[in-house]
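K.L.:
Numbering (UniProt numbering), first residue to last: 1 to 364.
Every residue, glycine too, gets a C-beta built ideally from N, C-alpha and C.
Remember, it's a predicted structure, so these values are computed and weren't measured experimentally.
My questions will all concern the structure given below.
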Amino acid sequence: MNTSSALPFVKSAARASPPAYPSALRNVRNYSSLPRPYRFHVGASWAGKPHDPRGPRVKTSPFPADSPIGKWRDTILSRPNAPAGTHIGEDFFYVQDMREKSGVSLGVADGVGGWTESGVDPSLFSQALMYHAHRYSKVAWPGEPEVDPTQEYEEREQVEGWELTPLECLESAYGGVLRERNVLAGSSTACVLTLNASNGVLRAANLGDSGFLVIRASAVIYTQRSQTHFFNCPKQLSKLPTSEKRFSRACVDHPSDADLCEMKLRHGDIVIAYTDGLSDNVFPAEMVTICSMVARQSQMTKRTLTSTGEQESIEAVEDTEAQAMAERIVEYARMCMHNRKRVSPFERAAAREGMYFRGGKVDE
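Have a look at this one:
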């Protein structure tokens with residue numbers, strides 16, 4: 001985004017566990033007992049862009065704390081192990097268990113900072129987009145709706161909920177923002193993913209220069225490419241003021257322009273979703289190194305717990321590990337963006353376009 005922002009998200013994925021089999025009770029939909037061999041451990045960390053003392057203080061107009069979006073926003077920012085004293089800036093994210101814990105839906109959005117020049121708070125669009133993505137995800141399935149095989153055929157036809165792909169989630173969330181009265185204008189990039197606990201399938205829809213990568217066995221096996229109109233101008237979802245003629249001919253991107261991805265995860269895979277404040281400052285190989293260091297630190301603890309059969313404790317260690325990965329990556333990104341002597345991914349990208357830029361790019 002010239003758009004500002006980077007909000008790393010670490011998703012440590014896919015821990016196989018012995019499948020549980022459906023209950024034989026009739027007329028009771030016990031979805032949680034259906035085979036779900038994949039578990040996902042989520043960590044999240046963020047850091048807003050520091051205020052530039054040379055520039056004017058940007059005026060913000062956040063959603064009221066007692067509004068639906070305001071309450072949800074504050075809940076997200078108070079999640080366990082949230083960074084103390086760190087504001088999130090113009091980016092936002094969500095993590096949501098899908099219906100009956102059949103999987104996880106998550107996403108990141110990078111609010112376009114240029115809207116401040118028009119008196120618009122850029123954070124409202126990204127927060128509203130993620131709020132509506134969460135709202136649609138929690139009542140849907142990451143794949144085909146699950147049915148209990150012990151039920152009669154007619155009973156299976158009555159299964160609740162529907163399959164929601166990341167693209168459908170993005171389309172629905174964008175529609176929600178367009179209807180949101182408290183969001184008069186704004187733009188953001190977006191990356192939405194679903195992780196299926198039954199089959200380990202990751203699906204994603206990405207619009208703009210946010211994205212994600214997948215690490216397997218200490219190597220990056222997939223990196224989502226950025227979408228831009230030209231250098232440092234990413235594709236983005238927008239809501240334009242209808243009353244201003246200067247926006248009448250503006251080019252608007254749509255959810256249908258998003259790149260789609262589907263892949264099967266394996267035990268131990270790590271998925272990192274981010275906005276460009278991370279990808280402009282930290283190379284993928286550096287993310288691999290950080291994750292490997294964190295994993296090694298917790299390996300001895302997991303071995304001890306495995307030998308004693310303390311499964312619940314192992315789960316807690318893996319949750320802590322995912323969170324530590326997120327925090328270490330954000331800390332490293334913040335350090336890199338203020339370093340003018342170190343070559344950054346953004347510096348290399350600018351050089352390919354014949355532009356001069358030195359060091360890290362300060363962002364969120």
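1) Less than 8 Å separating the beta-carbons of Ala197 and Ser137?
2) What residues in its chain sit with their C-beta under 8 Å from that of Glu327, if we drop five residues either side in the sequence?
3) With DSSP collapsed to three states, give me the class of Pro80.
4) In the structure shown, what three-state DSSP assignment does Lys101 receive?
5) Whole angstroms are fine: how far does the CA of Val330 sit from the CA of Leu278?
6) In the structure shown, what three-state DSSP assignment does Pro234 receive?
7) Using the Cβ count rule (16 or more neighbours within 10 Å means buried), how would you classify Trp115?
8) Distance, Cα to Cα, Arg216 vs Gly268?
9) Report the rounded CA-to-CA distance for Gly208 versus Phe93, giving the unit in angstroms.
10) Between Glu318 and Arg266, what straight-line distance do the alpha-carbon atoms span, to the nearest angstrom?
11) Does DSSP put Asp121 in a helix, in a strand, or in coil?
12) Given a cut-off of 8 Å on the beta-carbon distance, is the pair Ser188 and Val112 in contact?
13) Could you tell me the distance, in whole angstroms, from the CA atom of Pro122 to the CA atom of Phe63?
14) Would Lys59 count as contacting chain C if we go by Cβ distances under 8 Å?
15) Could you spell out where the beta strand (DSSP E) holding Leu184 opens and where it closes?
16) Per DSSP, what are the beta-bridge partners of Val201 in this structure?
17) Buried or exposed for Ile290, going by 16 or more other Cβ atoms inside 10 Å?
18) Return the CA-CA distance between Gly360 and Tyr274, expressed in angstroms with no decimal places.
P.N.:
Let me lay it out:
1) no
2) Gly43, Ser45, Asn81, Pro83
3) coil
4) helix
5) 8 Å
6) strand
7) buried
8) 7 Å
9) 15 Å
10) 15 Å
11) coil
12) yes
13) 12 Å
14) Any reference to chain C falls outside this structure, which holds one protein chain only.
15) Note, Leu184: premise wrong, no beta strand (DSSP E); not H, not E.
16) Lys264
17) buried
18) 16 Å
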